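Notes follow once the structure below has been shown.
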Amino acid sequence: MNAPAYNFAYLDEQTKRMIRRAILKAIAIPGYQVPFASREMPMPYGWGTGGVQVTAAILGRDDVLKVIDQGSDDTTNAISIRKFFAKTAGVETTTSTADATVIQTRHRIPEASLHAGQVLVYQVPIPEPLRFLEPRETETRRMHALGEYGLMHVKLYEDIARFGHIATSYAYPVKVNARYVMDPSPTPKFDNPKMDNCAALQLFGAGREKRIYAIPPHTSVVSLDFEDHPFSRYRHDAPCALCGANDSYLDEIVTDDKGGRMFVCSDTDFCETRQAQGHRGSESAAPHKERAHG
Amino acid sequence: MAEREDSDQPLLMAEGLGKSYGSLTACRDASFALYPGEVLAVVGESGSGKSTLLQLLSAQLAPSAGQVSYRMRDGVMRDLAKLGEAERRFLFRTDWGYVHQDPAMGLRMAVSAGANVGERLMAVGWNHYGRIRDTASSWLERVEIDTGRIDDAPRTYSGGMRQRLQIARNLVTEPRLVFMDEPTGGLDVSVQARLLDLMRNLVSELGLAAIVVTHDLAVARLLSHRVMVMKGGRVIETGLTDQVLDDPREPYTQLLVSSILPA
Amino acid sequence: MYVAVKGGERAIENAHRLLAHERRGDRDVPELSLAQISEQLSLGVDRVMTEGSLYDRELAALAIKQARGDLIEAIFLVRAFRATLPRFGATEPVDTGKMAVRRRISSTFKDIPGGQILGPTFDYTHRLLDPQLAEGSTPEPPATSDASSAAMPRVTDILGRDGLIESSPSADDNAPIGDLTREPLSFPADRDLRLQNLARADEGFLLALGYSSQRGYGRNHPFAGEIRLGEVEVEFMAEDVGFAVPLGPITLTECQMVTQFKGSATQAPCFTRGYGLGFGQSERKTMSMALVDRTLRARELGEEVMAPAQDEEFVMSHSDNVQATGFVEHLKLPHYVDFQSELGLLRKLRKEFAEAAETSPLQEAAE
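Top line first, the protein sequences correspond to chains A, B and C.
Here the first sequence stands for residues 1 to 294, where the numbers follow my numbering.
Here the second sequence stands for residues 1001 to 1263, where the numbers follow my numbering.
Here the third sequence stands for residues 2001 to 2367, where the numbers follow my numbering.
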């Protein structure tokens, strides 16, 4: 029987070269979706194959990899992907945002600021921000080429006319480098400002839709809005019940069937780091200590 | 009344314009100059080539012969066949209007009237919701649509209202030239009359130039300064509307004129 | 007191173990062998090879066993394996005219050179569950006869000789053949990419589209010109010896549909065609593929595109069941961060709605 032998980080070198070429092109044209010949991977399309291919193409033996999903290192798919790279690349893995050189993420940007030399790899399901307004690929390609984004603004206008607000809470469209409108992946709009002028390189991989795009470090990323309906972040208005943070995105935990609710940081590394520094929220195990002023 | 353009320079010029499909010639040898603020009607029966001519003039079809030139806002006369796609689409969204016979072709039916009118403004960079909405609202008023219906989609509008919305959507960027393809076709006679009245007033107030394709001589009479009669792909007669319709020279024109049912 | 959920890694390991246990099932029941699957569930193996895009019966059988009989899961396994294989190049085009035919039928003519050969088929069986098969059976040996050396020209070639059917578009020998596993797909797509996409496409999806076209959604009056099943030799051009080297036979099913005739001002009318090809015995797939190949040629043949089966972007973007199942099933992944954002927005809108409702009755009272 044909028994497979796998290359470092699973992909063969030829494929990695193809993906890196696409990545370079994407970096040269910030926000532009570069088509690439996505490979069949051992995990299903829609489960991070784009992100995995980008990470596999850029990973080196000395890299330190962090993988998160919904902001947590411990969710099932993050574990599965981290194990995949531990097995096929043997690189060091970490849960610490500060120590990682490559961070692969689904649906969140870490709360801690990223620094130069880090790469953030986003998993993207639908790369095309105009897809739900215009299902045809031939038409959206033309709209991007000609910078015709009127349709996007029509959608925002309709939201305000109908709901009084722009009704997009995640995957909120942005304009990159004042040229291309881009879908930041299904991160909550709370995370949008972190993409602007970021010190790290941001790469976006959509495996099933076969597109790669990028935001080079220190590029302008502006969320679309109207002057009189400016972009606003949503965050549940409460401190984290475990670490007391007032400025992080919170997960809602259902604690009982009588409407009991609790809110904790979605970014587990951020929360644990704060707790280790002595910050406490109302629900944490250790005795309450006075919060350090950051 | 809007300020008139430098009106002794033509706005649009067609020279020897023609279109053939293999051995079939849809339109041949059309030449004329259109001046700012002037309305030209192109009349003829089905198959006369008038719709093809309109498509050629609005750069939606490439000519097989001749050329069309348009004077851009900077005063330079440009051959439309040489414009890039981006330039052509930009022209279509700002300097030009195109009113389709079927308003559904020229509107986003599932999107509110306000968004329909505001879209062109947003496409050229307007970024203030309130101002976009107010401008859309005042245009709805101008085309005699109840402003309370600004948030309704044209799916809920009558045929006449849809057509008026299409007109508002086209005029919001204050174009200099509007193409109209049977703008009142398919509407009731009374609705037609009201719409024609509205169009005549708007054209005059805004100093618009327009090319109106129609088989209905009454429409030509009401709207246009000049008329071109087409038959079998050729322009057979042209001149001031009243003169041509009151005193047609060509036998075919005489036939057309005489077959208007008396009111 | 709330403790953050941990232990995802252990949960996954336990889930894998449980899966392997359930896959084996009752230990008193004999374990399936790959040979059993390949021999006795051969049509399943044929489908996995076709949509997995890899001709290897043993691997396909292993995939079916590993996937517990879920064919799409098996196709996924085969595709993922295929992606790791080095590519040596492309074979010479196979000549189905030289096929060692085991089954060959045509519905366009009563009799044709080479005859109608029913072969091993479910056609004309009565669909009555057979309890004898449950106990285990030893079927009678089949009837045999000498192999015929009669020529078996393709029906479409017979029609083509009189110019009654459009000639197969002759490919420019120097034009590169598209490969959607190597280049990203973009629209409009040429026929080589369309056929490749359809060959790998989900059988059920193509079946429904083909069916819809027969019911009027893009009708093209199809006739089964010919369906043939048998072995063809695969050859590979070896650069260093300078001629094509035979690699061995593979089993193929080929379907040629004869469809609605068409003419133009400069060309006399003739029948058009749709084409289907698959590994093993895959009639339903190749017939559906041929129907959809034809409906997708609408643009090329100047027909109005009105039905889903004629919509190239729609058909080709949704035909791959590995992509489809990945995305549909990804909804099982945690989405609670985005759901939280939606909850926030919804709660805000509901609050505003309630506030608006409160103020208006007051206004009425004031009047």
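All C-beta atoms in this analysis are idealised placements derived from N, C-alpha and C, irrespective of residue type, glycine included.
Predicted model, so just to flag it, every value in this text is computed and none were measured.
Looking at the structure shown, is residue i part of a helix, part of a strand, or coil, going by DSSP?
i, result
"V2322/C", "helix"
"H2016/C", "helix"
"N7/A", "strand"
"P35/A", "strand"
"I1132/B", "helix"
"E1119/B", "helix"
"I2227/C", "strand"
"A2151/C", "coil"
"I1150/B", "coil"
"K2285/C", "helix"
"Q1009/B", "coil"
"T1052/B", "helix"
"P217/A", "coil"
"G259/A", "coil"
"D1079/B", "strand"
"R2127/C", "coil"
"R2191/C", "helix"
"Y170/A", "strand"
So is residue i in contact with chain A if we call contact Cβ pairs under 7 Å?
i, result
"A2366/C", "Caution applies to A2366/C, whose pLDDT of 48 falls short of 50 and renders its modelled position unreliable; the model cannot decide the point."
"V2337/C", "yes"
"E2073/C", "no"
"G2326/C", "yes"
"M1077/B", "no"
"E1174/B", "no"
"V1151/B", "This sequence places Asp at residue 1151/B; Val is not what is there. At least one chain A Cβ lies under 7 Å of D1151/B."
"L2333/C", "yes"
Just reading off the beta strand (DSSP E) that residue i is part of, what are its end residues?
i, result
"T2251/C", "2243 to 2262"
"A178/A", "That residue, A178/A, is in no beta strand (DSSP E); it is neither H nor E in DSSP."
"S1070/B", "It should be noted that the sequence gives Tyr, not Ser, for residue 1070/B. Note, Y1070/B: beta strand (DSSP E), 1065 to 1071."
"M1228/B", "1226 to 1231"
"L1177/B", "1177 to 1181"
Determine the burial state of residue i: buried for a count of at least 16 other Cβ atoms within 10 Å of its Cβ, exposed for fewer.
i, result
"P2086/C", "exposed"
"E128/A", "buried"
"I2177/C", "exposed"
"H2126/C", "exposed"
"M1199/B", "buried"
"N2014/C", "exposed"
"N1201/B", "exposed"
"E1250/B", "exposed"
"F2243/C", "exposed"
"N1170/B", "buried"
"D2173/C", "exposed"
"D2311/C", "buried"
In chain C, which residues lie with their C-beta within 7 Å of the C-beta of residue i?
i, result
"N192/A", "Going along chain C, no residue has its Cβ under 7 Å from N192/A, so there is no contact; the nearest lies around 11 Å."
Applying a beta-carbon distance threshold of less than 7 Å, which residues of chain B neighbour residue i?
i, result
"D228/A", "H1128, Y1129, G1130"
Does any residue of chain B bring its CB to less than 7 Å from the CB of residue i?
i, result
"I23/A", "no"
"I160/A", "yes"
"L130/A", "no"
"A292/A", "With a pLDDT of 35 at A292/A, under the threshold of 50, the modelled position of that residue is not reliable, and the figure given next carries that caveat. Not an interface residue."
Can you name the start and end residues of the alpha helix (DSSP H) that residue i belongs to?
i, result
"I253/A", "From DSSP, I253/A is part of no alpha helix (DSSP H) but of the beta strand (DSSP E) over 250 to 254."
"V1191/B", "1189 to 1206"
"A2080/C", "2071 to 2082"
"C271/A", "268 to 276"
"M1161/B", "1159 to 1171"
"E2135/C", "2131 to 2135"
"T138/A", "137 to 145"
Checking contacts by CB at 7 Å: is residue i closer than that to chain C?
i, result
"A37/A", "yes"
"P127/A", "no"
In chain A, which residues lie with their C-beta within 7 Å of the C-beta of residue i?
i, result
"G2008/C", "D74, T75, T76, I79"
Output, in chain order, the set of chain B residues within a Cβ distance shorter than 8 Å of residue i.
i, result
"L146/A", "E1085, A1086, R1089"
"V154/A", "R1108, V1111, A1115, G1118, E1119, M1122"
Just the chain C side, please: which residues come within less than 9 Å of residue i by C-beta, in chain order?
i, result
"K16/A", "Those do not exist, as K16/A stays about 13 Å from chain C at its closest Cβ, beyond 9 Å."
Closer than 9 Å by beta-carbon distance: list the chain A residues that pair up with residue i, in chain order.
i, result
"L2349/C", "F163, G164, H165, A167"
Counting only Cβ pairs nearer than 8 Å, list the residues of chain C close to residue i.
i, result
"Y6/A", "T2084"
List the residues of chain A whose Cβ lies closer than 8 Å to the Cβ of residue i, in chain order.
i, result
"Y1095/B", "The sequence as given places Asp at residue 1095/B; Tyr does not occur at that position. Going along chain A, no residue has its Cβ under 8 Å from D1095/B, so there is no contact; the nearest lies around 16 Å."
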